[in-house]
Amino acid sequence: MEGDHTLITSDDLIQSDVILGDRKIELDMQPYCLCSLVAILHRAQSALLWKGATKWMPRRQDKPQHMQHGSVDLAEQAALDKAPILFHGIGHSVNPANSLVLKVLSASPSAYSANPKSKLSSPPLLTGSAISLVSIVQARNNARILISGSLDLFSNRFLRSGVQKAGSSTKYEKSGNEQFVTEISKWVFHERGHLKAVNVKHHKIGETTEPAMYRINDDLEYSVEIYEWSGTSWKPYIADDVQVQFYMMSPYVLKTLSNDQKGLYSTSFKVPDVYGVFQFKVEYERLGYTSLSLSKQIPVRPFRHNEYERFITTAYPYYGASFSTMAAFFIFSIVFLYHK
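Okay, so the sequence shown: first residue is 1 according to UniProt numbering, each after it adds one.
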C-alpha cells in the first residue's frame, strides 16, 4: 500500500454482504432494514471534516450536532435516503495487483487528494475512486487487518453526530458510522466470513474405511464438511464452487463438490490410469471468506500381474500375429524337411 495522501470526500462502499453483513439495523431517527449494509450505504456520501476547508466542506464543531456536507450532484443527493458516513483524515492508494488488499470505502468520482495548505498548481495524481478511505487486508494465513485514514471515523463524536444532507431538509439523528464500524469490525475480528473444514474422508465406493493406497481405475468417493462461523455458532456453509483436485505435479482430476445443504460436500470419480503419489487438494478462496487449503497424500499402484484380464480385447491383433507366426514356421519346417 501507499499512503499519506490528503483526502476530500467519498461515497463508494465495497459490494460484499460477507464483509459488511446482512443484518437489520435501526437508526435513532427512523427504523430501516439493513438487508445489507451495502444496500443501505452504497450510495451514502461520506463527509470530510477539515480545518480550513473550502466552503463546501463541513465546519468542525466542538459538540455533536447536525452537519451538512456538499460536493455532490443535487439530483443524486435527492435520491439518497440513508444516513451518510462522516470521515476526517487522509486517504491512501491500493496496489490493484495485490490480491490480498480490498478497498471497503472509496472516495467519490469528484474527489481528489491534495495538501489543503498549499496551492494546487497541477492536476492531482490521485483522484476519484482511486482514493481509498478504509481498506482491509487478509493475509495468506487468514490474519485480518483494517487500515483507515481516520481515527475520528471510530470516535463517539462521529458515531453520535447528527447529519443533514446538502440540498435536503431531512435530518438524521445519527450518522452511518455506527453501522459501518459495527459491521466491518465483525469481519476483522472473524465474527463473519470465517470457514472451517472437518471430517475429510476418502474411500472406495461401496466401502467405508480409508485405504492405505488405491489401484489405477478404482472408483472412489471424497467428502469434506465445511462450516461458517455466524458469530454465535458454526452453521453449514452453502456454496456451489468448492472443487477438489486429484493432483500429481498437475491436476489429473478436477471435480466440483456437490453439497447436501447441511455442510457436507462430496463427489466421486475414477482414479486415473497413472500410478504414483497423488494428493487430494482443496484450495478454496472466496471474497470475504477465510481461505481453505486442504491436502491429503495417497499412493496409487498399477495392477499386479495376476489382476489383469486373462485375455485383453485390444491385444487380439498381437495374439493373432503370434499364432500366425508359429503356424507359418511349422509349415515352413515341413516344406523344408520333406521337399525334394
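Ideal Cβ placement from N, Cα and C applies to all residues, glycine included.
- DSSP, read as helix, strand or coil, puts Ala130 in helix.
- Nearest to Phe154 by alpha-carbon distance, out of Val134, Glu173, Asn306, is Val134.
- For the pair Phe303 and Ala212, the Cα-to-Cα distance works out to about 16 Å.
- For Val244, DSSP records a beta bridge to Lys255.
- Nearest C-alpha to Leu264 among Tyr227, Leu126, Gly162, Leu337: Tyr227.
- By the Cβ neighbour-count rule, Phe332 is exposed, with fewer than 16 other Cβ atoms within 10 Å of its own.
- Scanning Gly176, Asp152, Ser150 for the CA closest to the CA of Gly162 turns up Gly176.
- DSSP, read as helix, strand or coil, puts Glu221 in strand.
- For Arg144, the uninterrupted beta strand (DSSP E) run begins and ends at 144–148, by DSSP.
- According to the DSSP secondary-structure assignment, Trp234 is paired through a beta bridge with Trp229.
- The C-beta separation of Glu183 from Leu20 comes to about 5 Å, placing the pair in contact by the 8 Å criterion.
- Contact between Glu207 and Lys201 fails: their C-beta atoms lie close to 11 Å from each other, not under 8 Å.
- Using a Cβ distance threshold of 7 Å, Gly128 and Glu191 do not count as a contacting pair.
- In the DSSP assignment, Lys174 falls outside any beta strand (DSSP E) and carries neither an H nor an E.
- Residue pairing by DSSP puts Ser268 in a beta bridge opposite Glu221.
- Taking all protein chains in view, the Cβ of Thr290 is crowded by 16 or more other Cβ atoms within 10 Å, so the residue is classified as buried.
- Boundaries for Phe189: no beta strand (DSSP E) harbours it, and the DSSP string shows neither H nor E there.
- Measuring C-alpha to C-alpha distances from Ser106 to each of Ser250, Lys255, Ile90 identifies Ile90 as the nearest.
- Going by C-alpha positions, Leu102 is about 9 Å away from Gln138.
- In this structure, the straight-line span from the alpha carbon of Ile238 to that of Leu195 is close to 11 Å.
- Remark: C-beta atoms of Pro236 and Lys262 approach each other more closely than 7 Å.
- Here Pro84 is buried. Its C-beta has 16 or more other C-beta atoms within 10 Å.
- Counting the other Cβ atoms within 10 Å of the Cβ of Ala111 gives 16 or more, which makes it buried.
- With fewer than 16 other Cβ atoms from the protein chains shown falling within 10 Å of its own Cβ, Phe336 counts as exposed.
- In this structure, the beta-carbon distance from Asp273 to Ile216 falls below 7 Å.
- In this structure His92 touches Ile147 by the C-beta definition: roughly 7 Å separates them, less than 8 Å.
- Under DSSP, Phe280 takes part in a beta bridge, and its partners are Phe246, Lys296.
- Between the alpha carbons of Val224 and Leu257 lies a distance of about 9 Å.
- Take the alpha-carbon of Ala97 and the one of Ile205: they are about 44 Å apart.
- Looking only at Asp241, Pro124, Asp240, Gln245, the smallest Cα-Cα distance to Tyr222 is reached by Gln245.
- Per DSSP, Leu151 lies in no beta strand (DSSP E) and is assigned neither H nor E.
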